[in-house]
Structure formats: structure tokens, C-alpha cells
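Structure first, commentary second.
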Amino acid sequence: MSVPSRRQVLFGGAALAVGAAAAETTRAVIDAPSPAADPAPAEGSSSTAAAGRTQAGVDRPVPPLAHLHLHALTAPASVRTREAIGALLAGLGERVLALVASAQAGPAGEAAGDLTIQVGIGSELLALAELADAPDVLLPQFRGSAALADDRRGGDLFLQVAAERPELVNGTVDALLAALPGFTPRWSQVGYRPLGDGAVTRNPFGYEDGIVQPTTDKGVPEHVWLTDGPLAGATVGVVRRFVLDTAAFHRLPAAEQDGVFGRERVSSVPLSGGAPRADVNLGAKSPSGAYLVPVDSHARAAHPSFVDVTVMLRRGYGFRETVDGAADRSGLLFISYQDDITVFTRTQQRMDRTDRLMELATPTAEAGFLVLPGFDRDRPLGSSLFG
Ligand code: HEM
Numbered sequence: 002m003s004v005p006s007r008r009q010v011l012f013g014g015a016a017l018a019v020g021a022a023a024a025e026t027t028r029a030v031i032d033a034p035s036p037a038a039d040p041a042p043a044e045g046s047s048s049t050a051a052a053g054r055t056q057a058g059v060d061r062p063v064p065p066l067a068h069l070h071l072h073a074l075t076a077p078a079s080v081r082t083r084e085a086i087g088a089l090l091a092g093l094g095e096r097v098l099a100l101v102a103s104a105q106a107g108p109a110g111e112a113a114g115d116l117t118i119q120v121g122i123g124s125e126l127l128a129l130a131e132l133a134d135a136p137d138v139l140l141p142q143f144r145g146s147a148a149l150a151d152d153r154r155g156g157d158l159f160l161q162v163a164a165e166r167p168e169l170v171n172g173t174v175d176a177l178l179a180a181l182p183g184f185t186p187r188w189s190q191v192g193y194r195p196l197g198d199g200a201v202t203r204n205p206f207g208y209e210d211g212i213v214q215p216t217t218d219k220g221v222p223e224h225v226w227l228t229d230g231p232l233a234g235a236t237v238g239v240v241r242r243f244v245l246d247t248a249a250f251h252r253l254p255a256a257e258q259d260g261v262f263g264r265e266r267v268s269s270v271p272l273s274g275g276a277p278r279a280d281v282n283l284g285a286k287s288p289s290g291a292y293l294v295p296v297d298s299h300a301r302a303a304h305p306s307f308v309d310v311t312v313m314l315r316r317g318y319g320f321r322e323t324v325d326g327a328a329d330r331s332g333l334l335f336i337s338y339q340d341d342i343t344v345f346t347r348t349q350q351r352m353d354r355t356d357r358l359m360e361l362a363t364p365t366a367e368a369g370f371l372v373l374p375g376f377d378r379d380r381p382l383g384s385s386l387f388g
């Protein structure tokens, strides 16, 4: 891929220095709601938070909602035809609109955007659409993938339900699953986002996460949405669930902890210096010639410039599970959206080679999927692919 990225612009110019303007554009997507993603309200519909050109739960709302359930399901044979999956998705979309509308009209009177329901499909269902230019949504094997059971990889249907109130998530998940007879659960995860600032939150290691996000063109994050034909308004989603060895991390001296990420924990100042949340300067060296952003740091390993990709939109959730008689398990449900799966795969492959963070992170489930284009009452969910 040779798409000019924010990073290439930075790298092509004044060496590795980071311009204030670039830092500003990075922050723009964090702070500003995306007008293009603003739902186009369906006539007479109160479920405007769900309807629109794109689905909710990708770049809107900002900040992302606090509680998330993600479910990866296997579809029964009975829906594995173009007609059957088309009808199923259309019905599911109706259910999504109704659930969001009823949350807004319910006793708690959720504000628009306080409940998001996002629907994605895996590669086998996508193939039923018989598109000439279907995007690849299958993940290759990464370090740790081989240890995963088959049903912890991939899936047919991906539901993400997020809300500010956990009980609303629970009720919504129950209602959706009840509408999917014959679908079998593969894996699922409950996650939370600590109170953050725009798209930035703190991950289970205590570091700010979500600082570097795609630049925007008139509020639309670049290289996230597919733009043409039946896939306009869709995006390629990736989820990887990592159990994180927080105990081992916290045993490291503080300076070494910062070195794992390439930023200071509290301030988020890059180890190369600058303002809090500024981009890292990968070329900066100490007087003795050592890179200030360590060679095995996450910021260096995940940097798009090395693998010539665009900036992915990251929207992860933390989790912590208690297990009777055993140590708690903390982790990150890493979720990203991009217009090409290689943005994720090339980054992950480089991280597998050089990132010290990967020694503290064990993948326990993973999948790539297509987030279907947005929908409303006149344009049912999935209709541009299966209609
Ligand atoms: C395993 C758990 C992970 C943790 C705890 C984690 C945490 C972080 C943190 C703290 C930052 C720096 C702040 C920021 O820019 O948001 C960051 C940056 C980043 N991460 Fe991760 N991350 C994880 C996994 C991943 C994965 C799996 C990918 C993609 C394959 C990824 C891609 C990125 C990218 C692209 C950046 C921005 C780098 C830059 O341009 O400066 N991360 N991550």
C-alpha cells in the first residue's frame, strides 16, 4: 500500500520532528464529534442515534460509551444463503432501531447516543454477497494465534453493544440474542472504559491510550470508512483480546515501564520530549546515541511509518475478571477500524517482531469483520450487500 499517511507527511518533511500543526490535527479527531458520521435522521424516527450513513460505535459517540459487550457468534446453516442472511440482517436492523428508540423513550430517557449497537459480519457471510471488490476481513496467524482454539478465532456475526449504564447493555444484549435463534456463541467479552477525555482513556497499565488517531477531513476520520458502491459507509473491524501481565509490568522500575510504551505514564509526554500527548519523535537520541523512544517500545513498534500504513482508529476497552482462588485477570479488548485490514496486520506483525509489550500480552481471542454500512428504516441493515 502506498497511501500517503500523516506519518509519511511528517517523515517526509522536517526529518523526524513533529510539527505543532500535526499534533493539533491529531487532537482534532479526539475532541470533535464527526459531522459526517452524524446520523441522517430517519423520517419520523426517534432512533436517530442508530440510523445514519455509518453505524454507531466506530467514530461516534465521542467519548466512547463506558460499558461494552462484544459477542462473536456462529451462524446456523439455515441462514447461509444470500437471501436468508439478507432477511436476517434486515430484521436485526429493525430490532436495533427499536431497541435504541425504546431506550430513549424508557424511564431512564437515554440521550441519543447513550446506547450503541454495532453489527459486523465475518468473511464467510461476506462472501455470500458475491461482491466484485470485497475487502479482506480474515486475520492471518500472529504470535500466539496458534494456541487459540478454533472458536476463539473469527466468527460470522459480531455484535457490540455499548452504553453508559451497564444494565442497559445487559438488557439490550439479551434482547438481541433472543432475536438470533440458532446462532451459537463463540466468545464474548465485557469491557469498560475509565472516564477519559475525548477518545483518550487509560488502559489497564495506567497509561493514556487512544492519543494517536486518524487525521480528519471535515470531521470524517481519514482511511477508516469504505467509500464506494455497496460498501460505502462500511469499515473493516479488528478485535484482539489480550490478557495483560499487569503484575510483571508493575514489578518493573517506573522508567522501564515508561520505556515499554515510549511515553511518561502520568503526563503522556513522549520520551523524546515535547508536550503531553505530542507525537513521538522517533529520531531523537540521547548524547550517547541511544534512541530516546526505545527500540523495543510500543510507540516505535506500532508506528505506521515503518510498515507504510495509514493511522487506524483505535477504540479499545479494558477488562478485569476475578477468578475464585486465582489471581485476577486484567486485559485489553483491542478494537480498531480501518479501510484495509493490512493496516492492522502489518502493524501487528511488526509488533510481534519488536514490541516488548507483546511479552506482557497474551492473545486469547481475535477476529476481523466487516462493520456493515449504516442503515435506517428505508435502507435496511445489510441491504446494499444482500438486497
Ligand atoms: C496489547 C495491548 C495494548 C496496549 C496496552 C496498548 C497501549 C498503547 C498505548 C499506551 C499507546 C500510546 C498512546 C496512544 O497513542 O494512544 C499506544 C499506541 C498505539 N498502539 Fe497500542 N496498545 C496495545 C495493543 C495494540 C495493538 C494490538 C495494536 C495494533 C496492531 C496497537 C496499535 C497502536 C498504534 C498504531 C499506536 C499509535 C502509535 C503512534 O503512532 O505513536 N496497539 N498503544
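Numbering (the working numbering), first residue to last: 2 to 388.
Beta carbons: idealized from backbone N, C-alpha and C, even for Gly.
Because the structure is a prediction, the values reported are computed rather than measured.
Near residue i, which residues of its chain fall below 7 Å by C-beta distance, leaving aside the five closest residues on each side in sequence?
i, result
"residue 75", "156, 157, 184, 185, 187"
"residue 202", "194, 195, 210, 211"
"residue 233", "227, 374"
"residue 359", "144, 352, 353"
Could you say which of the options lies nearest to residue i if we only look at CA atoms?
i, options, result
"residue 339", "267, 357, 280, 215", "215"
"residue 174", "117, 350, 280, 318", "117"
"residue 243", "163, 269, 336, 88", "336"
"residue 224", "111, 204, 344, 146", "344"
"residue 205", "270, 148, 320", "320"
"residue 55", "119, 297, 66", "119"
"residue 346", "235, 303, 264", "303"
"residue 198", "259, 72, 64, 96", "64"
"residue 58", "110, 127, 235", "235"
"residue 208", "159, 172, 278, 169", "278"
"residue 83", "247, 253, 132, 332", "132"
"residue 169", "129, 213, 78, 106", "106"
"residue 111", "129, 288, 50", "50"
"residue 328", "258, 288, 282, 247", "247"
"residue 53", "113, 191, 332", "113"
If you drop the 5 nearest sequence neighbours on each side, which residues of the same chain put their C-beta closer than 6 Å to that of residue i?
i, result
"residue 322", "330"
"residue 285", "273, 293"
"residue 364", "145, 241, 243"
"residue 48", "The predicted position of residue 48 is uncertain, since its pLDDT is 46 and thus under 50; no value can be drawn from it."
"residue 165", "66, 67, 115"
"residue 152", "187"
At which residues does the beta strand (DSSP E) containing residue i begin and terminate?
i, result
"residue 212", "Residue 212 -> no beta strand (DSSP E), and no H or E assigned at all."
"residue 421", "Outside the shown range of the chain, which is 2 to 388, sits residue 421, and nothing can be said about it."
"residue 324", "Segment: none, residue 324 is in no beta strand (DSSP E) and carries neither H nor E."
"residue 364", "362 to 372"
"residue 251", "No beta strand (DSSP E) holds residue 251; the alpha helix (DSSP H) holding it covers 247 to 252."
"residue 191", "185 to 193"
"residue 273", "Counting along the chain, residue 273 falls outside any beta strand (DSSP E), and DSSP gives it neither H nor E."
"residue 330", "330 to 339"
"residue 162", "158 to 164"
Give me the Cβ distance between residue i and residue j, rounded to the nearest whole Å; I'm assuming they're in contact under 8 Å.
i, j, result
"residue 100", "residue 163", "Not really, about 13 Å apart at Cβ, beyond 8 Å."
"residue 297", "residue 355", "6 Å"
"residue 387", "residue 86", "6 Å"
"residue 231", "residue 124", "That belief does not hold up - the Cβ atoms of residue 231 and residue 124 are roughly 16 Å apart, past 8 Å."
"residue 334", "residue 90", "About 24 Å; that fails the 8 Å criterion."
"residue 94", "residue 372", "Contact doesn't hold; Cβ gap of about 13 Å is too wide."
"residue 222", "residue 314", "6 Å"
"residue 129", "residue 81", "7 Å"
"residue 71", "residue 161", "5 Å"
"residue 192", "residue 318", "3 Å"
Less than 8 Å between C-beta atoms, sequence neighbours within five positions excluded: which residues of the same chain meet that for residue i?
i, result
"residue 1", "Only positions 2 to 388 of the chain appear in this structure, which leaves residue 1 out of reach."
"residue 255", "266"
"residue 299", "261, 262, 263, 352, 356, 357, 358"
"residue 249", "361"
"residue 291", "none"
"residue 154", "140, 146, 366, 367, 368"
"residue 179", "none"
State the start and end residues of the unbroken alpha helix (DSSP H) segment that holds residue i.
i, result
"residue 56", "Careful: residue 56 lies outside any alpha helix (DSSP H) and carries neither H nor E."
"residue 207", "Here residue 207 belongs to no alpha helix (DSSP H), and DSSP marks it neither H nor E."
"residue 120", "From DSSP, residue 120 is part of no alpha helix (DSSP H) but of the beta strand (DSSP E) over 116 to 122."
"residue 167", "167 to 179"
"residue 387", "384 to 387"
"residue 345", "342 to 355"
"residue 103", "83 to 106"
"residue 302", "299 to 302"
Distance cutoff 7 Å, beta carbons only. Does residue i sit that close to anything in chain B?
i, result
"residue 381", "The chain labelled as chain B is not found in the depicted structure, where only one protein chain is given."
Any heavy atom of the ligand GDP within a distance shorter than 6 Å of the CB on residue i?
i, result
"residue 143", "For the ligand GDP, the structure offers nothing, since it holds only the ligand HEM."
Whether or not the segment 269 to 280 and the segment 372 to 381 are in contact is what I'm after, with contact meaning three or more pairs of Cβ atoms, one per stretch, closer than 8 Å; do they touch?
No, because fewer than three Cβ pairs between the segment 372 to 381 and the segment 269 to 280 fall closer than 8 Å, the two stretches do not touch.
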